[in-house]
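Just so it is clear: in the sequence shown, position 34 is 38 by the working numbering, and no numbers are missing.
Idealized CB from N, CA, C, for every residue including glycine.
Source: prediction; values computed, not measured.
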Amino acid sequence: MELAYIGLGSNLGEPEAQLRAALDALGALPASQLVQTSSLYSSAPLGPADQPRYVNAVAALRTDLSPLALLDALQHIEQTQGRVRKAERWGPRTLDLDILLFGQQRLDLPRLQVPHYHMHLRAFVLYPLAEIVGEQFLLPDGQRLSALLRACPAGDLQRLPAAGEAR
Numbered sequence: 005m006e007l008a009y010i011g012l013g014s015n016l017g018e019p020e021a022q023l024r025a026a027l028d029a030l031g032a033l034p035a036s037q038l039v040q041t042s043s044l045y046s047s048a049p050l051g052p053a054d055q056p057r058y059v060n061a062v063a064a065l066r067t068d069l070s071p072l073a074l075l076d077a078l079q080h081i082e083q084t085q086g087r088v089r090k091a092e093r094w095g096p097r098t099l100d101l102d103i104l105l106f107g108q109q110r111l112d113l114p115r116l117q118v119p120h121y122h123m124h125l126r127a128f129v130l131y132p133l134a135e136i137v138g139e140q141f142l143l144p145d146g147q148r149l150s151a152l153l154r155a156c157p158a159g160d161l162q163r164l165p166a167a168g169e170a171r
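Structure representation (structure tokens):
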């Protein structure tokens, strides 16, 4: 089994509920086990500014699925939760699921690049990932996650309180 790290994001249709439903769906994938999830985080949108803030998280998933089979499963979850793929990049969406890491594999395929090609630039990926793997985590290219965190300030990224925590 490989340990994959999945980035989750939503800014439409009750984003926190969208992410919780996606986590349930990840836990139900065949030949897979949801191992750990980060806190939920709020971040400004990357694309057009006239859209709601995103809610993001990272999940660790132990799986026997191949990288492309996992990608297909993630896209099915997105579609089930109302995602409509449009030509516009970084627009609003009900759900976005990305394979950030797949074990220590490096893949450059037409449909999938692992490690995710922009993860090193995205605080909303790096900080939730660090929460579950630790800053000393070694990436497939040999870099420590701590180096990426130093190069990518948290900015306006905000950890959302868990259920029952004071806001």
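Cβ-based burial, residue i [other Cβ within 10 Å; buried from 16]
i	result
residue 131	buried
residue 35	exposed
residue 82	buried
DSSP three-state assignment for residue i, whether helix, strand or coil
i	result
residue 154	helix
residue 147	coil
residue 17	coil
residue 28	helix
residue 79	helix
residue 23	helix
Extent of the continuous alpha helix (DSSP H) run through residue i
i	result
residue 140	It is not in any alpha helix (DSSP H) - residue 140 carries neither H nor E in the DSSP assignment.
Selected residue, minimal CA-CA separation from residue i, among the options
i	options	result
residue 104	61, 51 and 28	61
residue 57	157, 144, 99 and 6	99
residue 153	65, 140, 21 and 144	140
residue 12	25, 6 and 5	25
residue 10	71, 138 and 125	71
residue 134	110, 120, 15 and 42	42
residue 33	49, 53 and 77	77
Own chain, CB closer than 7 Å to residue i, minus 5 neighbours either side, in chain order
i	result
residue 74	8, 67 and 103
residue 162	45 and 46
residue 159	127
Residues near residue i by beta carbon distance below 8 Å, same chain, minus five either side
i	result
residue 110	118, 119, 144 and 145
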